[in-house]
Amino acid sequence: MPHMLDIDQLRTFVAIADSGSFTRAAEIVHKTQSAVSMQMKRLEERVGRPVFERDGRASKLNEDGERLLDYARRIVRLNSECVASFAETDLVGRIRLGLPDDYADRYLPEILATFSRSNPRAEVTVVCEPTPLLTAGMRDGELDLAIITQVDGHTISEVVRVEQLLWVASARHGVQDENPVPLALGRHTCDWRRAATDALSEAGRPFRMAYVSWYSTAVSAAVVAGLAVSVLPESAIKSGMRILGQREGFPALPTCKIGLMRAPGGRNPLADALADQIRESLDNLGSGRQTALAAE
């Protein structure tokens, strides 16, 4: 008789795949590193085959591990939905969520689909604005929750996701070879813009600002059309784009922190439920590339 899979082991397995490290996964699931390693040993025993393979000093998911990851995500998600559907409190009301347009494009389908299944009588009002306007909206009481770009020293939020910023250009054009290189970035207050221009200046790479917009869809359009180079988080890379690196003369960029802001005040069960779903959805969104796990 086949062994039943353990939800807790699958949740840890997903955390390892998403965080890229046994150590970071242990922090996420609140277990010791040895406990996480033991869980993965037990999980491999249950499925009857290894799901990790060595890659130098690191480990990565093998073919069976990638196949298991797809099932694990669905099982963990369905388990959460089932538990939520039997919760004693039937959440009713309206919740106001703000986030930038590029975050809405990448994250909102997963968040809203799962949240609406668990809370069918809740109404979610979504506002898409750049981070500075969202933080102002939170301050003015116009929003209950906001997913923002966390800028250290300027905004205060709970960091729920960290991604690498990458240089991107059109896959069909050679705009990255122009001198000075044309850029498509946000306004002068944009943290990603400052990171990009500072990196190019330090590397001695001439550049000019060709397109400026607060909205990622406009910036991405300029990139795909071959009109400019830009910077995007890893999960925002789209078809028709290519990633640039030091070989093409583009220096390394910092990471991008994604934060969750909550409106001040008393407890709001609906906001609590949506905040929990946001954390789970962002944790479960993979980068789209094969995960390499740090050596333990």
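Per our numbering, the very first residue in the sequence shown carries number 8; after that it's consecutive.
We put the beta carbon where it would ideally sit given N, CA and C, even for glycine.
Out of the options, state which residue places its alpha-carbon closest to the alpha-carbon of residue i.
| i | options | result |
| --- | --- | --- |
| Arg103 | Arg269, Val226, Arg286 and Ser288 | Arg269 |
| Gly211 | Gln253, Arg249 and Glu60 | Gln253 |
| Leu190 | Glu70, Ala232 and Ser164 | Ala232 |
| Ala176 | Pro137, Val230 and Ala202 | Val230 |
| Thr138 | Val167, Val188 and Ile154 | Ile154 |
| Val43 | Gly193, Thr142, Thr30 and Met248 | Thr30 |
| Asn126 | Glu88, Cys135 and Asp112 | Glu88 |
| Asp112 | Leu98, Asp71 and Val133 | Val133 |
| Glu185 | Glu255, Thr121 and Arg168 | Glu255 |
| Ala178 | Gly148, Ile244, Leu141 and Ala143 | Ile244 |
| Ser223 | Arg215, Gly193 and Ile250 | Gly193 |
| Gln16 | Glu136, Pro187 and Met45 | Met45 |
| Met145 | Ala282, Pro271 and Ala278 | Pro271 |
| Val90 | Gly72, Val58, Tyr114 and Arg124 | Arg124 |
| Ala22 | Arg80, Arg49 and Arg201 | Arg80 |
| Glu136 | Ser227, Phe122, Tyr110 and Met248 | Tyr110 |
| Glu165 | Ile285, Arg49, Val188 and Asp71 | Ile285 |
| His195 | Glu70, Trp221 and Ser28 | Trp221 |
Within 10 angstroms of its Cβ, does residue i collect 16 or more other Cβ (buried), or is it exposed?
| i | result |
| --- | --- |
| Lys264 | buried |
| Ser246 | exposed |
| Asp25 | buried |
| Ser288 | buried |
| Gly55 | exposed |
| Ala280 | buried |
| Tyr78 | exposed |
| Pro276 | exposed |
| Leu85 | exposed |
| Asn291 | Here Asn291 scores only 46 on pLDDT, less than 50, and its place in the model should not be relied on; the value that follows carries that caveat. Buried, because 16 or more other Cβ atoms sit within 10 Å of the Cβ of Asn291. |
| Arg151 | This sequence places Asp at residue 151; Arg is not what is there. When all chains shown are included, Asp151 counts as buried. |
| Glu209 | exposed |
| Arg200 | buried |
| Thr142 | buried |
| Arg18 | buried |
| Gly72 | buried |
| Ser41 | exposed |
Quick one: grab the DSSP three-state call for residue i.
| i | result |
| --- | --- |
| Lys48 | helix |
| Met11 | coil |
| Trp1 | This structure does not reach residue 1, given that the chain is present from 8 up to 303, and the question cannot be answered. |
| Ala301 | A caution first: Ala301 carries a pLDDT of 38, below 50, which makes its placement in the model too unreliable to give a value. |
| Gly295 | With a pLDDT of 39 at Gly295, under the threshold of 50, the modelled position of this residue cannot be trusted; read the value that follows with caution. DSSP places Gly295 in coil when its eight states are reduced to three. |
| Ile244 | coil |
| Gly144 | helix |
| Thr39 | coil |
| Gln171 | strand |
| Ile151 | Reading off the sequence shown, one finds Asp at residue 151, where the question assumed Ile. Three-state DSSP puts Asp151 in coil, outside helix and strand. |
| Ser164 | coil |
| Pro189 | strand |
| Val58 | coil |
| Phe257 | coil |
| Leu281 | helix |
| Arg103 | strand |
| Thr156 | strand |
For residue i versus residue j, is the C-beta distance shorter than 8 angstroms?
| i | j | result |
| --- | --- | --- |
| Pro258 | Leu172 | no |
| Ala217 | Ala235 | yes |
| Gly100 | Ala120 | no |
| Glu60 | Glu170 | no |
| Thr156 | Asp108 | no |
| Ile14 | Ile82 | yes |
| Val167 | Leu267 | yes |
| Arg53 | Leu12 | yes |
| Gln183 | Leu251 | yes |
Could you check if residue i belongs to the surroundings of the ligand FMN, using beta carbon to heavy atom distance under 7 angstroms?
| i | result |
| --- | --- |
| Thr224 | As presented, the structure is devoid of all ligands, the ligand FMN included, so that no description of it is given. |
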